[in-house]
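For the sequence shown, position 78 (counting from the first letter as 1) is numbered 78 according to UniProt numbering, and the numbering increases by one without interruption. Yeah, the Cβ is synthetic: ideal placement off N, Cα and C, and Gly gets one too.
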Amino acid sequence: MNYTGAPRDVMTLAHELGHGIHNVLSSKQSFVNYHSSTAVAEIASIFCEGIVFDSLYQKTTDPLAKMNMLANRIQSSFATVFRQIAFYLFESDIHTHRLKQGTLSVEELNEYFMERLQAMFRKGLTLTKDHGYLWGVVSHFYWFNFYVFAYSMGELLTLSLMAEYRREGKSFLNGYIQALETGGSANPYDITKMMGVDISDKKFWDGGIRLLDELVREFELLSDTYNRQ
């Protein structure tokens, strides 16, 4: 990564260090079970982002700076969940087309991409024709087929885990570390169960959505307060 000390660079570094921590902890496993499944591959990285964000946010006193941090955090979460799902659907579309109808032209790729991206924004934003070419800069489409859903799942899962962590405190970390140590030796359900959560329970996922809702409400409160000054 390129590090210049900007806030976004700090969060990216936290993300990649999360992967590093996960890799170190899972090194207890054999070569066969070392790598975690795609479904849980982004837990540690996004969780580290959350911890670093909370720490930086608590230390920040300037209202405008806090608003900027919250705006970026909220925007990142929405982009990670909805945009990555749009990317996954686009990927599914083009592979289905390739299997049934043969090779796609650039124009067809652009059309599929625009369809999924515009559906994500609905009436909130009208994309231009040039947006159709954006698929060309997403390296995952070339090297890591059907991986992008892991970002959406990882974000939603980690938001819910962060809600658990905020409620339980450091006691949550014992099961969290144990889960990361399993590498790929267990399925996602059993891995998250070690953290004391049940991913088959809708209420667990609601906890993450509520956390995101709290961030939005806090941003609105800060914005109202700042604008009244």
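With DSSP as the reference, label residue i as helix, strand or coil.
| i | result |
| --- | --- |
| Leu104 | coil |
| Arg83 | helix |
| Met1 | coil |
| Asn145 | coil |
| His35 | coil |
| Asp201 | coil |
| Ala179 | helix |
| Gly136 | helix |
| Asn72 | helix |
| residue 294 | Given that the chain is displayed from residue 1 to residue 229, the structure contains no residue 294 and the question cannot be resolved. |
| Thr61 | coil |
| Ala41 | coil |
| Arg228 | coil |
| Met153 | helix |
| Met195 | coil |
| Arg122 | coil |
| Thr128 | coil |
| Ser163 | The sequence shown places Ala at residue 163, not Ser. Of the three classes helix, strand and coil, the one that applies to Ala163 here is helix, per DSSP. |
With a Cβ-Cβ cutoff of 8 angstroms, do residue i and residue j count as a contact?
| i | j | result |
| --- | --- | --- |
| Phe204 | Ile74 | no |
| Ala6 | Ile21 | no |
| Phe47 | Thr192 | no |
| Val197 | Leu161 | yes |
| Val10 | Val52 | yes |
| residue 267 | Gly132 | Because the chain spans 1 through 229 in this model, residue 267 falls outside it and cannot be assessed. |
| Leu222 | Lys66 | yes |
| Phe146 | Tyr88 | yes |
| Gly175 | Met194 | yes |
| Ser26 | Leu180 | yes |
| Glu49 | Ala14 | yes |
| Thr60 | Met69 | yes |
Does the beta-carbon of residue i have 16 or more other beta-carbons within 10 angstroms, so that it is buried, or is it exposed?
| i | result |
| --- | --- |
| Trp135 | buried |
| Tyr226 | exposed |
| Asn187 | exposed |
| Gln84 | buried |
| Tyr189 | exposed |
| Leu109 | buried |
| Phe141 | buried |
| Gly169 | exposed |
| Ser139 | exposed |
| Asp55 | Here the sequence assigns Ser to residue 55, which means Asp is not the residue at that position. With fewer than 16 Cβ atoms within 10 Å of its Cβ, Ser55 is classed as exposed. |
Pick out whichever of the options has its Cα sitting closest to the Cα of residue i.
| i | options | result |
| --- | --- | --- |
| Glu16 | Met1, Pro63 and Lys28 | Met1 |
| Gly184 | Val216, Ser30 and Phe121 | Ser30 |
| Ile209 | Gln178, Ala163, Leu180 and Ile177 | Ala163 |
| residue 271 | Gly124, Arg122, Lys129 and Gln84 | Any question about residue 271 goes unanswered here, given that the chain covers just 1 to 229. |
| Arg116 | Arg98, Thr103 and Asp93 | Asp93 |
| Asn23 | Asp62, Ile177, Met69 and Asp201 | Ile177 |
| Thr182 | Tyr3, Thr12, Ala14 and Ala41 | Ala41 |
| Arg217 | Phe90, Ala79, Ser55 and Ala71 | Ala71 |
| Ser36 | Gly124, Ala150 and Asp54 | Ala150 |
Taking only beta-carbon atoms, is residue i less than 8 angstroms away from chain C?
| i | result |
| --- | --- |
| Glu164 | In summary, chain C is missing from the structure at hand, where a single protein chain is found. |
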